[in-house]
Amino acid sequence: MDINLINLTNQIRRDILRMVHQVNSGHPGGSLGCVEYLAVLYFKIMKIDLEFNMNGINEDLFFLSNGHISPVFYSTLSRRGYFPISELNTFRKINSRLQGHPTTHEGLPGIRIASGSLGQGMSVSIGAALSKKLNNDKSTVFALLGDGELQEGQNWEAIMFAAAKKVDNLIVTIDLNGKQIDGSTDDVLPMGNIDEKFKSFGWEVLEIKEGNNIDKILDTLTYAKSITGKSKPIVILMHTEMGNGVDFMMNTHAWHGIAPNDEQLENALNQNPETLGDY
Amino acid sequence: MIKYIDTGKKDTRSGFGDGLTQLGRNNKNVVALCADLTGSLKMNEFKKENPDKFIQVGIAEANMMGIAAGLTIGGKIPFTGTFANFSTGRVYDQIRQSIAYSDKNVKICASHAGVTLGEDGATHQILEDIGLMKMLPGMTVINTCDYNQTKAATIEIAKYMGPVYLRFGRPKVANFTPEDQKFEIGKGVMLNQGNDVTIVATGHLVWEAIKAGEELLKIGISAEIINIHTIKPLDSKIILNSVRKTGCLVSAEEHNYHGGLGESISRILAQNNPVPQSFVATNDTFGESGTPEQLMEKYGLNSQAIIKSATEVIKKK
Chain A
3 MDINLINLTN QIRRDILRMV HQVNSGHPGG SLGCVEYLAV LYFKIMKIDL EFNMNGINED
63 LFFLSNGHIS PVFYSTLSRR GYFPISELNT FRKINSRLQG HPTTHEGLPG IRIASGSLGQ
123 GMSVSIGAAL SKKLNNDKST VFALLGDGEL QEGQNWEAIM FAAAKKVDNL IVTIDLNGKQ
183 IDGSTDDVLP MGNIDEKFKS FGWEVLEIKE GNNIDKILDT LTYAKSITGK SKPIVILMHT
243 EMGNGVDFMM NTHAWHGIAP NDEQLENALN QNPETLGDY
Chain B
259 MIKYIDTGKK DTRSGFGDGL TQLGRNNKNV VALCADLTGS LKMNEFKKEN PDKFIQVGIA
319 EANMMGIAAG LTIGGKIPFT GTFANFSTGR VYDQIRQSIA YSDKNVKICA SHAGVTLGED
379 GATHQILEDI GLMKMLPGMT VINTCDYNQT KAATIEIAKY MGPVYLRFGR PKVANFTPED
439 QKFEIGKGVM LNQGNDVTIV ATGHLVWEAI KAGEELLKIG ISAEIINIHT IKPLDSKIIL
499 NSVRKTGCLV SAEEHNYHGG LGESISRILA QNNPVPQSFV ATNDTFGESG TPEQLMEKYG
559 LNSQAIIKSA TEVIKKK
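These protein sequence lines are chains A and B, in that order. Residue numbers for the first sequence follow this note's numbering, beginning at 3 and rising by one. Residue numbers for the second sequence follow this note's numbering, beginning at 259 and rising by one.
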């Protein structure tokens, strides 16, 4: 799709900041860190049908496991055309399809699973990938997980399964921002060498050292898609910066789950000029 | 009293296995998942006939529930198979978020429910699963009584769109419902019409209720006996029509009275026609090792317990 991704990512950042500010709740930090990934995935990589159909036959599918970064997901989906951009205005409000954490329950186009309780998205994406194999559907399943989320044991059941059963139409990305609610992942519960762990389970491991660099993400996702179908599940370890694009939200876990006040919002928006029109 | 004939003892789990085998032959979208209990769940034949549609997940029930949810995306109808304990409590949040809240068409098939699992003891004898599952919005909860009914239910739930919990058991029990029965989700089955007391039973307690009805008749009590296989949605009509005539009710189930069929019945009675009710159920306790018969007797889950409850509840009218 022909779109200026710099302008798009600027606008998505504005959407995120304005959404969480408006209801004084939500998760800006992780959302800001994954803007480039979701923008590249939905605008450059995935083969999708905007006439949303839950089964997604012959479409690439995406599952967000760390559902708390719903603001970046909602903004990307609406900017892509799944639902009206104006609906971002309903985020976390009563009677909204844009629940605090993503859900299929309210019928929001683009969402295929509820997430929020962590550690479940990889299993679901494996199931969807197996469904594609049974349907002889050659498209690809993508999933995004937070790094802290790897502390959930279900992921390691899923990691073992996907390699053993050669689920090779699956590209999982881990958002390695090194932070979780209580502090750095190394302080809360060090996870050791994630790269070696995935390799030892039998996964193909790729890395994006600059997870907020559009070109690097595009190159790696393109390459990852080119090596599907080779008997191995693929994981991309993507180093991002929590709060990326807003100077005072970076280098800290403090903005995991709190919203900026009026003054902070103005400051943050000044760093991300309006490009495609605010909702 | 209508005479019911045991056509030969069979386990309900074999009804599930045979129903699943039939589905494998007739429904291209049915897939089965198992967490290292293929033989216990009687899924061997399905596995043999459909190796591509049988997914062995290993001892990893949480992952199994998530994979099942994902399989529905693309139109598959996944049937998960493991013991009732590992089908519910162990994976409650996975079912809650990835299946129930996500409106996924997963059939959670749970064997070895209740104390009749026997010698393995309380770690495996879940008596809380009906409560756990019926509390989930949108979840259909079914507890079948014999081989034929379990087979019919297994086939029927594949046609229904939405999450289902299908509960059955390990021991060989009387097989007395018709082989060619039409299984209707949410519809109670009138087994015997009577005037003095309504006995509403589910699962293995249905046959015990029939035996109790025969004994009660000998002491001059005419029991109306209803087989409730679907606990949610509950057939309130058949129950309310019955108590209007009998004026009292005994509920019977292989489950804790907290959260079981009996409590669901109490709610509709309280709202519509409060009549005395007596509960045949476990009394807020874990089970223990023993033979199924010994455990049914010790925990008050047999025909004798139903007879006692019936005679007592009649006095409260």
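Where is the CB? At the ideal position from N, CA and C, for every residue including glycine.
(request) Check the Cβ of B:Asp-351 against every Cβ in chain A and list those closer than 7 Å, keeping chain order. (result) Within chain A, the residues placing a beta-carbon under 7 Å from that of B:Asp-351 are Ser-119, ordered along the chain.
(request) Under 6 Å Cβ to Cβ from B:Ala-459, same chain only, skipping five residues before and after it: list those, please. (result) Counting only Cβ-Cβ distances below 6 Å, and skipping sequence neighbours, we find Ala-467 and Ala-510.
(request) Scan the region 315 to 361 of chain B and note each continuous beta strand (DSSP E) run of 3 residues or more that stays entirely inside, going in chain order. (result) Correct list: 335 to 341.
(request) For A:Gly-129, go through chain B and note every residue whose CB falls closer than 7 Å to its CB, in chain order. (result) Residues of chain B with a Cβ closer than 7 Å to the Cβ of A:Gly-129 are, in chain order, Gly-324, Ile-325, Ala-326, Ala-327, Gly-328 and Leu-329.
(message) Using a Cβ distance threshold of 8 Å, determine whether the region 334 to 352 of chain B contacts the region 297 to 306 of chain B, with at least three qualifying pairs required.
(response) yes
(request) Starting from A:Phe-163, find everything on chain B with Cβ-Cβ shorter than 8 Å and list it in chain order. (result) Val-315, Gly-316, Ala-318, Asn-321 and Ile-325
(request) Please state whether DSSP places B:Asn-514 in a helix, a strand or coil. (result) strand
(request) Say whether chain B places a C-beta atom closer than 8 Å to the C-beta of A:Met-56. (result) yes
(message) Quick test of your reading: B:Tyr-423 and B:Thr-270, contact by CB under 8 Å. State the CB separation rounded to the nearest angstrom.
(response) That pair is no contact at about 14 Å.
(message) Give me the chain B residues within the contact set of A:Asn-171, using Cβ-Cβ distance strictly less than 9 Å, ordered along the chain.
(response) Those within 9 Å of A:Asn-171 in chain B number zero; the least Cβ separation is about 12 Å.
(message) For B:Lys-334, which residues in the same chain have their Cβ closer than 6 Å to its Cβ, ignoring the five residues on either side in sequence?
(response) Asn-287 and Val-289
(request) Indicate the three-state DSSP secondary structure (helix, strand or coil) for B:Arg-425 in the structure shown. (result) strand
(message) According to DSSP, A:Val-174 sits in a beta bridge with which residue or residues?
(response) In the DSSP output, where bridge partners are listed per residue, A:Val-174 has A:Ala-145 and A:Val-237.
(request) Run down chain A in chain order and give the residues with a C-beta less than 9 Å from the C-beta of B:Lys-311. (result) Near B:Lys-311 (Cβ distances below 9 Å), the residues of chain A are Leu-136.
(request) Please classify A:Gln-156: does DSSP put it in a helix, a strand, or coil? (result) A:Gln-156 falls in the helix class under three-state DSSP.
(message) My output table needs one value for B:Lys-556: the three-state DSSP class, helix, strand or coil.
(response) Looking at B:Lys-556 - three-state DSSP - the assignment turns out to be helix.
(request) Check whether the Cβ atoms of A:Gln-156 and A:Gln-101 sit closer than 8 Å, and answer yes or no. (result) no
(request) Note the first and the last residue of the continuous beta strand (DSSP E) segment covering B:Asn-401. (result) 398 to 401
(request) Taking 8 Å as the cut-off, decide whether the C-beta atoms of A:Ala-116 and B:Gln-355 are in contact. (result) Closer than 8 Å, so yes.
(request) Please state whether DSSP places A:Gly-259 in a helix, a strand or coil. (result) coil
(request) State the DSSP-derived secondary structure class of B:Ile-489, mapped to helix, strand or coil. (result) strand
(message) Any contact between the region 519 to 537 of chain B and the region 464 to 484 of chain B? By contact I mean 3 or more CB pairs, one from each, below 8 Å.
(response) no
(request) For B:Lys-495, count neighbouring Cβ atoms within 10 angstroms of its own Cβ and tell me buried if that reaches 16, exposed if not. (result) exposed
(message) So, at 6 Å on beta carbons, what are the nonlocal neighbours of B:Ala-326 in its own chain, with the 5 sequence-adjacent residues on each side left out?
(response) Leu-291, Pro-336, Thr-338 and Val-364
(request) Please compile the residues from chain A whose C-beta is within a distance smaller than 8 Å of the C-beta of B:Gly-243. (result) What the structure shows of chain B is the stretch from 259 to 575, and residue 243 of chain B is not part of that stretch, so it cannot be assessed.
(request) Return the residues of the region 221 to 246 of chain A that lie within a Cβ-Cβ distance of less than 9 Å from chain B, sorted by chain order. (result) none
(request) Just tell me which of B:Thr-402, B:Thr-381, B:Asp-378 and B:Gly-379 has its CA closest to the CA of B:Ile-388. (result) Nearest of B:Thr-402, B:Thr-381, B:Asp-378 and B:Gly-379 to B:Ile-388, Cα basis: B:Thr-402.
(message) On the DSSP bridge list, what partners appear for B:Ala-290?
(response) B:Phe-312 and B:Phe-337
(request) Using a Cβ cut-off of 7 Å, pull out every chain A residue sitting near B:Asp-361, in sequence order please. (result) Simply Thr-106 and His-107.
(message) By alpha-carbon positions, which one of B:Leu-390, B:Arg-348 and B:Glu-307 ends up nearest to B:Gly-518?
(response) B:Leu-390
(request) Report yes or no: is there a C-beta of chain A within less than 8 Å of the C-beta of B:Val-289? (result) yes
(request) Going by CA-CA distance only, name the one from A:Asp-197, A:Gly-259, A:Glu-276 and A:Asn-214 that's closest to A:Val-237. (result) A:Asp-197
(message) Between the alpha carbons of B:Phe-537 and B:Ser-522, how many angstroms are there, rounded?
(response) 12 Å
(message) Quick check: the Cα distance between B:Ile-317 and B:His-487, rounded to an integer number of angstroms?
(response) 29 Å
(message) If we define contact as Cβ-Cβ less than 8 Å, is B:Lys-561 a contact residue for chain A?
(response) Note that residue 561 of chain B is Ser in the sequence shown, not Lys. No, because no Cβ of chain A sits closer than 8 Å to the Cβ of B:Ser-561.
(request) Can you give me the Cβ contacts of A:Leu-120 inside the same chain, cut-off strictly under 6 Å, excluding the 5 residues immediately before and after it? (result) Glu-151 and Glu-154
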